[in-house]
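In UniProt numbering, the protein residues as written are 1 to 333.
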Amino acid sequence: MAPSIKDVAVRAGVSIGTVSNVLNRPDKVAEATRDQVLAAIAELGFVRNSSAAQLRAGTSRSLGLIVLDMANPFFHDVAKGVEDVATELGYAVVLCNSDEQATREDRYLQVLEEQRVRGVLITPVEVSSERLDALRRRGTPTVLVDRHDPRANCCSVAVDDVAGGELAGGHLLAKGHERIAFFTGPLAIQQCADRLEGLRNVVADSGRDPDMAIDVIELPALKARISYEAARDLFERTTDITAAFCANDLLALGLLRAAVSTGRRVPQDIAILGYDDIEFAADAAVPLSSIRQPTLQIGRNAAQLLLEECDNPDTHAHQQVMFKPELVVRDST
Numbered sequence: 001m002a003p004s005i006k007d008v009a010v011r012a013g014v015s016i017g018t019v020s021n022v023l024n025r026p027d028k029v030a031e032a033t034r035d036q037v038l039a040a041i042a043e044l045g046f047v048r049n050s051s052a053a054q055l056r057a058g059t060s061r062s063l064g065l066i067v068l069d070m071a072n073p074f075f076h077d078v079a080k081g082v083e084d085v086a087t088e089l090g091y092a093v094v095l096c097n098s099d100e101q102a103t104r105e106d107r108y109l110q111v112l113e114e115q116r117v118r119g120v121l122i123t124p125v126e127v128s129s130e131r132l133d134a135l136r137r138r139g140t141p142t143v144l145v146d147r148h149d150p151r152a153n154c155c156s157v158a159v160d161d162v163a164g165g166e167l168a169g170g171h172l173l174a175k176g177h178e179r180i181a182f183f184t185g186p187l188a189i190q191q192c193a194d195r196l197e198g199l200r201n202v203v204a205d206s207g208r209d210p211d212m213a214i215d216v217i218e219l220p221a222l223k224a225r226i227s228y229e230a231a232r233d234l235f236e237r238t239t240d241i242t243a244a245f246c247a248n249d250l251l252a253l254g255l256l257r258a259a260v261s262t263g264r265r266v267p268q269d270i271a272i273l274g275y276d277d278i279e280f281a282a283d284a285a286v287p288l289s290s291i292r293q294p295t296l297q298i299g300r301n302a303a304q305l306l307l308e309e310c311d312n313p314d315t316h317a318h319q320q321v322m323f324k325p326e327l328v329v330r331d332s333t
């Protein structure tokens, strides 16, 4: 059995209350007594049960972070930004991967609430979630990450994805491409829909019919393997498409692999533009053009907003932070 606080008290020859004070309010204990208790802790190898103490106090030093897909390096960088802020302020981060499944997301929200985390940062599968709304109503602060919903009663940190789609479309049109394939995950995901909206805006502004100039290829998930298979199928059906804009870099990397494996030159036969500018984008066989998001800053800003609300619930005002994306041009376009 692990040594208990009672064992420490017996070894040090003091009361349990004195041991508790040494652990939580050491300034209230005489130096000699404090040294005596610390020596007993070291001898026994005692480790305090912070979870029990936090449950008794009704507070926690943990934050929950639920992301859509931990296989996507974009979320690695966001999580690092969250963790950096949490570590600076003495918090731990409980990382959960919903894998784009609403039922899995619900289960994690339940677990995090049961664990009494101080607050939750989440990239939800859908912005409108009954369990997420209930979590807020019961007093757990939440921040939407990489999601924007001005109707939500919480803070959000996101990137202007309509503007990102416009940057992508403007770049491809300027290169002379007149028929563009848009590879995307489910359009029920707001970022995917927003990026398509931006692309359609630019095409329409150029005087073209978006329905004729854009081929939308909606895939069940934002994964490279799926886009690879879809791209090979597309290449067998048509040669008219000279450019592809992908809703994230993983889709773009799958498309790049399909192009190379079928003998197509990039960008001479098909230009490829991704989104997120993950680390692997610049290191691809053909360095990938992409729309860059400030991933670390998204995570840091979201964590700061969450902890500001946790510490000042009565005066906190919800903020909807919207970053601007940036076009990064490399060899693939």
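Ideal Cβ placement from N, Cα and C applies to all residues, glycine included.
According to the DSSP assignment, residue 165 belongs to the alpha helix (DSSP H) that extends over 161-174. Take residue 167, set aside five residues on each side of it, and the residues of its chain with a beta-carbon closer than 7 Å to its own are 291, 325 and 327, in chain order. Excluding the 5 residues flanking it on each side, residue 284 has same chain C-beta neighbours closer than 7 Å at 253 and 256, in chain order. Its chain contains 281, 330, 331 and 332 as the residues whose beta carbon lies nearer than 8 Å to that of residue 287, once the 5 sequence neighbours on both sides are disregarded; these appear in chain order. Judged by DSSP secondary structure, residue 127 falls outside any beta strand (DSSP E); it is assigned neither H nor E. Check the Cα spacing between residue 43 and each of 28, 234, 12 and 246: the tightest is with 12.
Counting only the Cα atoms, residue 49 lies some 24 Å from residue 30. When secondary structure is reduced to three states using DSSP, residue 322 falls in the strand class. Its Cα nearest to that of residue 271, the residue 169 stands out among 118, 149 and 169. Contact check for residue 306 against residue 202 fails: the beta carbons are separated by 7 Å or more.
Put simply, the backbone Cα of residue 210 is about 9 Å away from that of residue 179. Residue range 214-218 is occupied by the beta strand (DSSP E) that includes residue 218, with no alpha helix (DSSP H) assigned at that position. For residue 189, no alpha helix (DSSP H) segment is defined, and its DSSP state is neither H nor E.
Inter-segment contact for the segment 225-238 and the segment 313-322 is absent: fewer than three beta-carbon pairs are separated by less than 8 Å. Taking a cut-off of 8 Å for Cβ pairs, the segment 68-78 and the segment 22-38 do not touch, as fewer than three such pairs fall below it. Following the DSSP letters along the chain, one finds residue 97 in no alpha helix (DSSP H) but inside the beta strand (DSSP E) bounded by residues 92-97. Close CB contacts of residue 33 within its chain, under the 7 Å cut and outside five residues either way in sequence, are with 14 and 18 (chain order). For residue 143, the enclosing beta strand (DSSP E) stretches over residues 142-145. Cβ contact annotation for residue 231 (same chain, cutoff 6 Å, sequence separation greater than five): 255 and 258, in chain order. Minimum Cα-Cα distance from residue 177 among the listed residues 198, 160 and 206 corresponds to 206. Counting along the chain, the unbroken alpha helix (DSSP H) around residue 10 starts and ends at 5-12. In the same chain as residue 228, and ignoring 5 residues on each side of it, the C-beta atoms closer than 6 Å to its own belong to 254, 257 and 258, in chain order. Short of 6 Å from the beta carbon of residue 273, and not among the five residues preceding or following it, lie these beta carbons of its own chain, in chain order: 168, 245, 289 and 333. Residue range 243-246 is occupied by the beta strand (DSSP E) that includes residue 246. Proximity to residue 130 across 118, 269, 96 and 106 peaks at 106, based on C-alpha coordinates. In the DSSP assignment, residue 120 falls within the beta strand (DSSP E) that extends over 119-122. In the DSSP assignment, residue 307 falls within the alpha helix (DSSP H) that extends over 295-311. For residue 136, same chain residues with a beta-carbon under 7 Å away, outside a window of 5 residues either side, are 142, 153 and 154 in chain order.
Counted as a single uninterrupted DSSP element, the stretch harbouring residue 29 is not any beta strand (DSSP E), since DSSP gives it neither H nor E. According to the DSSP assignment, residue 111 belongs to no beta strand (DSSP E) but to the alpha helix (DSSP H) extending over 102-114.
Cβ neighbours of residue 110 within its own chain (closer than 8 Å, five residues either side excluded): 131. Just so you know, the alpha carbons of residue 72 and residue 100 end up roughly 12 Å apart.
Excluding sequence positions up to five before and after residue 28, its CB lies within less than 8 Å of the CB of 21, all in the same chain and listed in chain order. A straight-line Cα-Cα distance of about 23 Å links residue 322 and residue 70.
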